[in-house]
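Undergrad: Take this structure, written in structure tokens, and hold onto it; I'll ask about it next.
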Amino acid sequence: MISWLFKAFKKKSLLNKGVDLLNQGKYGESIRYFDKALEIDSEYALAWYNKGVALRNLNKYKEALTCFNKALELTPNLKEAWINKGVIFGNLERDKEALDCYDKVLELNPQDYKALALKGLALNKLEKHEEALKCYNKALELNQDLPEAWYGKALSLENCERYEEALKCYNKALELDPKNPEIWRGKGGALVALKRYKEALKCLDKLLELNLKDVNALYAKGLILEALKKYEGALECFNKALEVNPNFEPAKKRMEEILSSESQ
232 MISWLFKAFK KKSLLNKGVD LLNQGKYGES IRYFDKALEI DSEYALAWYN KGVALRNLNK
292 YKEALTCFNK ALELTPNLKE AWINKGVIFG NLERDKEALD CYDKVLELNP QDYKALALKG
352 LALNKLEKHE EALKCYNKAL ELNQDLPEAW YGKALSLENC ERYEEALKCY NKALELDPKN
412 PEIWRGKGGA LVALKRYKEA LKCLDKLLEL NLKDVNALYA KGLILEALKK YEGALECFNK
472 ALEVNPNFEP AKKRMEEILS SESQ
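Quick note: the sequence shown uses our numbering, first residue 232, plus one each step.
Structure follows, in structure tokens:
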């Protein structure tokens, strides 16, 4: 009895230490503690789960999936393991399998707004935009403060060519997450679709505030300036893009065409 209690205390202590390291971003170190806990109890579901999270953060997806599968064999209703499996499948472009994982979470808890938002993402990637919208709307009914749901809803609306509505969602997402480059990028794209080029330029400038070496933002800014016949500014953007990535062929091509037309 004393031996059993000691082992239970020891494995819990090792798990807690591993989780502390995991939360600090020390993924490799955390795995060592989870492994030590599993040496004491090879059927310790939480150790398998947290080891999977650490491996996922190290982009070791195959090993992470093995850990999540083991955790789910032991504890089939471990929602976070299903969610993490879904995220990995999404990263691997295995979106139908990701959907199955999120559906499993929603069987366990239909009100899980995180799973609803992630299901919307998977549906978007499968080009099922109307279904994705339903998921995002449901997630936002449950929690209005989800920037990823507002962003995903905006993408769905944009793919349905509902640009004005998409713009409102991008703005809401930016209120919640103002330093997210992908939201600024999405908003810029919606504004371009609406031919509101000057406003789109402001979004690209914001992107470049966040990252001066964002090649795609530099290129997009160059294209807009070219469309506005501001060729000097366009050339400057294309040139900066090539300074960051000398092999960025689209920028080379646009520069050559502008310079060729100017020399005629």
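Backbone N, C-alpha and C define an ideal beta-carbon position, used for all residues, glycine too.
L289 by DSSP, collapsed to three states: which one?
TA: The answer is coil: DSSP assigns L289 none of H, G, I, E or B.
Undergrad: Taking 8 Å as the limit between beta carbons, can you name the residues of its chain near L466, skipping five residues before and five after?
TA: The answer, listed in chain order, is G453, M486, I489, L490.
Undergrad: Suppose you measure from the CA of K242 to the CA of A268; what does that come to, to the nearest Å?
TA: Between K242 and A268, the C-alpha separation is close to 5 Å.
Undergrad: Classify F479 as helix, strand or coil using the three-state DSSP reduction.
TA: The answer is coil: DSSP assigns F479 none of H, G, I, E or B.
Undergrad: Taking buried to mean at least 16 other C-beta atoms within 10 Å of its own C-beta, is L303 buried or exposed?
TA: Classification of L303: buried, given that the 10 Å Cβ count is 16 or more.
Undergrad: Answer yes or no: do K350 and L330 have a C-beta to C-beta separation smaller than 8 Å?
TA: In this structure, L330 lies closer than 8 Å to K350 by Cβ.
Undergrad: Give the DSSP-derived three-state secondary structure of P497 in the structure shown.
TA: As shown, the chain starts at 232 and ends at 495. That puts residue 497 outside it, with no answer to give.
Undergrad: What alpha helix (DSSP H) runs, 4 residues minimum, are completely inside the stretch 422-461?
TA: If we require 4 residues or more, the alpha helix (DSSP H) runs fully inside the stretch 422-461 come out as 428-441, 446-458.
Undergrad: Quick one: Cα of K471 to Cα of E361, how far?
TA: Each residue's Cα considered, the two are about 39 Å apart.
Undergrad: Per DSSP, what kind of secondary structure is L371 in: helix, strand or coil?
TA: Three-state DSSP puts L371 in a helix.
Undergrad: Out of S273, P307, E474, Y280, which has the shortest C-alpha to C-alpha gap to G249?
TA: Checking every option, the nearest Cα to that of G249 belongs to Y280.
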